[in-house]
Amino acid sequence: DAGGDAAAAPDAAVAAAVQPVRPLAARRFVDSFLQPEEAAEMDRCVGELQKLVTEGLGAHCSVEQFGSAASGFGTSGADLDVTLVWDGSYEECDAATAVQDLQLLSPALVKHPQFVVIREIYGAKVPILKLRYDARLDVDVSYHNLKALRNTRLLNAYAMLSPALRGVVVAIKLWAKAIGVCGAAERNLSSYTFTLMAIYYMQLHPEVRLPCLPVHAFEFDDSLGWRDPRVQKARMSWRPPSLTLCQLVSGFFHFYAKEFEWGVEVVSVRIGRRKSAAMPDFDGLSHHHANRLHVEDPLDTSRNLHCVLAADREKALLT
Numbered sequence: 001d002a003g004g005d006a007a008a009a010p011d012a013a014v015a016a017a018v019q020p021v022r023p024l025a026a027r028r029f030v031d032s033f034l035q036p037e038e039a040a041e042m043d044r045c046v047g048e049l050q051k052l053v054t055e056g057l058g059a060h061c062s063v064e065q066f067g068s069a070a071s072g073f074g075t076s077g078a079d080l081d082v083t084l085v086w087d088g089s090y091e092e093c094d095a096a097t098a099v100q101d102l103q104l105l106s107p108a109l110v111k112h113p114q115f116v117v118i119r120e121i122y123g124a125k126v127p128i129l130k131l132r133y134d135a136r137l138d139v140d141v142s143y144h145n146l147k148a149l150r151n152t153r154l155l156n157a158y159a160m161l162s163p164a165l166r167g168v169v170v171a172i173k174l175w176a177k178a179i180g181v182c183g184a185a186e187r188n189l190s191s192y193t194f195t196l197m198a199i200y201y202m203q204l205h206p207e208v209r210l211p212c213l214p215v216h217a218f219e220f221d222d223s224l225g226w227r228d229p230r231v232q233k234a235r236m237s238w239r240p241p242s243l244t245l246c247q248l249v250s251g252f253f254h255f256y257a258k259e260f261e262w263g264v265e266v267v268s269v270r271i272g273r274r275k276s277a278a279m280p281d282f283d284g285l286s287h288h289h290a291n292r293l294h295v296e297d298p299l300d301t302s303r304n305l306h307c308v309l310a311a312d313r314e315k316a317l318l319t
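Heads up, the sequence shown is in the UniProt record's numbering, so the first residue is 1 and it goes up one at a time.
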């Protein structure tokens with residue numbers, strides 16, 4: 001587990017990266033990161049949920065945080081995503097089991113003075129309880145969402161490796177949300193996909209060469225993650241770039257507008273090199289022959305993250 005250090009507000013290294021920007025704009029940008037008081041409120045919420053889960057489901061069920069707020073790429077106002085995980089169980093569970101245990105938890109949440117149950121979504125592929133904590137924080141509770149946990153740990157390792165990357169990702173997410181091209185619910189790319197695109201760009205940037213972290217270090221619940229010797233070796237051998245945040249962000253747009261072969265190559269942080277979708281590395285990638293943006297999910301290599309992207313929304317990205 002990579003730990004929660006990178007989920008806090010931006011550290012001095014991030015603040016230093018934005019200094020070339022005008023002071024007021026730099027301050028506003030730093031304020032757009034998940035703030036310490038928000039992270040603290042999330043911790044309190046997880047603590048209260050853990051008490052209810054322990055009482056209702058037993059001491060061997062834990063509340064685990066995932067998503068952007070846990071990965072280190074969260075922005076101010078982010079929701080809290082958590083999943084319930086049984087100790088020692090490394091397999092995904094069926095939807096019926098998920099619904100059963102979430103239904104057991106629901107009455108205790110209704111009685112709790114700090115929680116409001118907004119919606120119970122039991123018919124979805126991943127059943128979810130949507131809550132509000134302390135009248136401010138929106139919370140999604142899922143069950144045994146192990147893929148999301150593993151992806152979060154991988155992204156958290158990249159965030160811990162490079163504060164500059166955190167700045168790039170947050171800047172890209174703010175841009176994408178501002179112009180309406182981010183959000184899977186609206187058939188746009190998800191913020192997770194934009195994060196992978198930023199990592200891939202920085203892996204290829206000749207003055208950055210962000211290390212390609214071994215995904216095997218994050219594949220299983222008992223994997224070492226950030227503490228894996230291969231990850232630590234990559235951390236020790238890499239030196240952060242001297243480029244400013246403005247240079248890195250403008251380089252992101254230049255890369256995807258002018259250099260990246262849209263519909264031909266694959267955004268793959270697992271490989272970290274430019275390769276065509278026709279190469280054997282991507283034989284298992286869904287719809288890899290389509291003339292569309294290809295983004296590989298690093299821990300589920302059959303999943304092409306363009307699956308949520310509508311054709312008209314893809315055109316909006318290209319214009």
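Using N, Cα and C, we set each Cβ at its ideal position, and we do this for glycine too.
Between the C-alpha atoms of Asp-87 and Ala-59, what's the straight-line distance to the nearest angstrom?
-> Here residue 87 corresponds to residue number 87 of the sequence shown, with the count starting at 1. Here residue 59 corresponds to residue number 59 of the sequence shown, with the count starting at 1. Looking at the two C-alpha atoms, the distance is approximately 9 Å.
Who are the near neighbours of Ala-184 in its chain, counting only those whose CB is closer than 6 Å to its CB and skipping five residues on each side?
-> Taking the first residue of the sequence shown as 1, we reach residue 184 at position 184. Hits under 6 Å: Ser-190 and Val-308.
Cα-Cα separation between Ser-242 and Leu-131, rounded to whole angstroms | Stepping through the sequence shown from its first residue, residue 242 is reached at position 242. Stepping through the sequence shown from its first residue, residue 131 is reached at position 131. Whole-angstrom Cα-Cα distance: 43 Å.
For Val-53, count neighbouring Cβ atoms within 10 angstroms of its own Cβ and tell me buried if that reaches 16, exposed if not.
-> What you label residue 53 is simply residue 53 of the sequence shown in a count that begins at 1. Val-53 should be labelled buried.
What number of angstroms, rounded off, separates the C-alpha of His-306 from the C-alpha of Thr-193?
-> Looking up residue 306 in the sequence shown gives position 306. Looking up residue 193 in the sequence shown gives position 193. Cα to Cα, the separation comes out at about 9 Å.
For Gly-272 and Asp-134, the rounded distance between their alpha carbons = By 1-based counting over the sequence shown, the position of residue 134 is 134. By 1-based counting over the sequence shown, the position of residue 272 is 272. CA-CA distance, Asp-134 to Gly-272, rounds to 42 Å.
Pick out the complete alpha helix (DSSP H) segments inside the stretch 167–204, 4 residues or longer, and give them in chain order.
-> 191–204
Assuming Leu-84 contacts Tyr-143 (C-beta within less than 8 Å), just tell me the rounded distance between them.
-> Position 84 of the sequence shown, counted from the first residue, corresponds to residue 84. Position 143 of the sequence shown, counted from the first residue, corresponds to residue 143. That pair is a contact at about 5 Å.
Buried or exposed by the 16-neighbour rule on C-beta atoms within 10 Å, applied to Asp-283 = To locate residue 283, count along the sequence shown from 1; it is residue 283. Under this definition Asp-283 is an exposed residue.
So what does Asp-81 bridge to, in DSSP terms?
-> As a first step, residue 81 is located in the sequence shown; it is residue number 81 there, counting from the start. Paired residue(s): Phe-66 and Asp-140.
Between which two residues does the alpha helix (DSSP H) harbouring Ser-237 extend?
-> Position 237 of the sequence shown, counted from the start, is the residue given in the question as residue 237. Here the alpha helix (DSSP H) through Ser-237 covers 229–237.
Pick helix, strand or coil for Asn-151, following the three-state DSSP scheme.
-> Locating residue 151 in the sequence shown gives position 151, counting from the first residue. Helix at Asn-151.
Near Asp-300, which residues of its chain fall below 8 Å by C-beta distance, leaving aside the five closest residues on each side in sequence?
-> On the sequence shown, position 300 is the one that residue 300 refers to. So the qualifying residues of the chain are Lys-147.
Inspect the beta-carbon positions of Val-264 and Ser-276 and report whether they are closer than 9 Å.
-> Indexing the sequence shown from 1 puts residue 264 at position 264. Indexing the sequence shown from 1 puts residue 276 at position 276. The answer is yes: Cβ separation under 9 Å.
How would you label Ala-217, buried or exposed, when you count the other beta carbons within 10 angstroms and need 16 or more for buried?
-> Here residue 217 refers to the residue found at position 217 when the sequence shown is read from its first residue. It is buried - the Cβ of Ala-217 has at least 16 other Cβ atoms within 10 Å.
Three or more beta-carbon pairs under 8 Å between the stretch 27–34 and the stretch 112–120, yes or no?
-> no
Alpha-carbon spacing of Arg-270 relative to Gln-65, whole angstroms = Against the sequence shown, residue 270 aligns to sequence position 270. Against the sequence shown, residue 65 aligns to sequence position 65. In a straight line, the C-alpha of Arg-270 is about 23 Å away from that of Gln-65.
Mind checking whether Arg-235 and Pro-211 have CB atoms under 9 Å apart?
-> Locating residue 235 in the sequence shown gives position 235, counting from the first residue. Locating residue 211 in the sequence shown gives position 211, counting from the first residue. Contact flag set, yes.
Length of the line joining the Cα atoms of Val-141 and Ile-128 = Counting from one through the sequence shown, the residue named residue 141 turns up at place 141. Counting from one through the sequence shown, the residue named residue 128 turns up at place 128. Cα to Cα, the separation comes out at about 5 Å.
With contact counted as at least three CB pairs below 8 Å, one residue from each stretch, are the stretch 97–116 and the stretch 69–79 in contact?
-> Segments in contact, no.
Can you grab the Cα-Cα spacing for the pair Glu-91 / Thr-244, in whole Å?
-> Working through the sequence shown from its first residue, we reach residue 91 at position 91. Working through the sequence shown from its first residue, we reach residue 244 at position 244. If you take the alpha carbons of Glu-91 and Thr-244, they lie about 42 Å apart.
Bounding residues of the beta strand (DSSP E) (the contiguous stretch that carries Lys-130) = As a position in the sequence shown, residue 130 is number 130, starting the count at 1. Note, Lys-130: beta strand (DSSP E), 128–133.
Identify every run of the beta strand (DSSP E) within the stretch 228–307, keeping only runs that are complete inside it and at least 3 residues long; order them along the chain.
-> Fully enclosed beta strand (DSSP E) runs of 3 or longer: 294–297 and 300–304.
Gly-180 versus Leu-196 - alpha carbon distance = What you label residue 180 is simply residue 180 of the sequence shown in a count that begins at 1. What you label residue 196 is simply residue 196 of the sequence shown in a count that begins at 1. Spanning the two alpha carbons is a distance of roughly 19 Å.
Apart from the five residues just before and just after Val-267, which ones in its own chain have a Cβ nearer than 7 Å to its Cβ?
-> Here residue 267 refers to the residue found at position 267 of the sequence shown. Apart from the 5 residues on each side of it in sequence, Val-267 sits with its Cβ closer than 7 Å to the Cβ of Leu-196, Met-197, Tyr-200, His-294, Val-295 and Glu-296 in its chain, given in chain order.
Below 8 Å on the Cβ atoms is my guess for Leu-165 versus Tyr-158; work out the distance and round it to an integer in Å.
-> Here residue 165 is taken as the residue at index 165 of the sequence shown, counted from 1. Here residue 158 is taken as the residue at index 158 of the sequence shown, counted from 1. Contact between Leu-165 and Tyr-158 is confirmed by a C-beta separation of about 6 Å, below the 8 Å threshold.
Report the partner residues of Trp-86 according to the DSSP bridge assignment.
-> Sequence index remark: in the sequence shown, residue 86 carries index 86 (1-based). According to DSSP, Trp-86 bridges with Cys-61.
Drop a sphere of 10 angstroms on the beta-carbon of Ala-7, count the other beta-carbons inside from all chains shown, and report buried for 16 or more, exposed for fewer.
-> In the sequence shown, counting from the first residue as 1, residue 7 sits at position 7. Legend: pLDDT at Ala-7 = 41, less than 50; position of this residue unreliable, value from coordinates given subsequently. Buried: at least 16 other Cβ atoms inside 10 Å.
Could you name the residues that DSSP lists as bridge partners for Glu-37?
-> Within the sequence shown, the letter at position 37 stands for residue 37. Glu-37 is not bridged to any residue.
Which first and last residues belong to the alpha helix (DSSP H) in which Arg-119 is found?
-> Working through the sequence shown from its first residue, we reach residue 119 at position 119. Premise fails: Arg-119 lies in the beta strand (DSSP E), 115–121, not in any alpha helix (DSSP H).
Please list, in chain order, all residues of the same chain as Asp-281 whose beta carbon is under 7 Å from its beta carbon, the five residues on each side excluded.
-> By 1-based counting over the sequence shown, the position of residue 281 is 281. Hits under 7 Å: Ile-271 and Lys-275.
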